[in-house]
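Student: In the working numbering, the protein residues as written are 101 to 198.
From the three backbone atoms N, C-alpha and C, an ideal C-beta is built for every residue, glycine too.
1. Going by DSSP, what residue range makes up the alpha helix (DSSP H) through residue 218?
2. Per DSSP, what are the beta-bridge partners of residue 138 in this structure?
3. Examine the Cβ distances between the region 165-181 and the region 102-114 and report whether three or more of them are shorter than 8 Å.
4. Can you tell me the Cα-Cα spacing of residue 153 and residue 170, whole angstroms?
5. Distance, Cα to Cα, residue 192 vs residue 119?
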């Protein structure tokens, strides 16, 4: 399952606190980089999102929970729509209705 995990730093969270936590969790082996499909920060800092793939939703908690004292998360399950295939499927459905 693919998860869109939007994060926003809590008021007062510093960049160094986030850096320290990321390194700490990396060294502890709990970040699971093999499951992170994307990590994006928003321009201006203090917010961004991760794309994380897990087999079981409980695995997601293991990755983001250690950060919840520094930032809040808004998590949604999502799926990819390959552009060309999706447009073709839409075209087929539209012509089938005519």
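Tutor: On the basis of the supplied data:
1. The requested residue 218 is not part of the displayed model; the chain covers only 101 to 198.
2. Residue mapping note: residue 138 aligns to position 38 of the chain shown, counting from 1. Per DSSP, 151.
3. Output reads yes: the region 102-114 touches the region 165-181.
4. Translated into positions along the chain shown, residue 153 becomes position 53. Translated into positions along the chain shown, residue 170 becomes position 70. Each residue's alpha carbon lies about 22 Å from the other.
5. Along the chain shown, read from residue 1 onward, the residue named residue 192 stands at position 92. Along the chain shown, read from residue 1 onward, the residue named residue 119 stands at position 19. About 49 Å.
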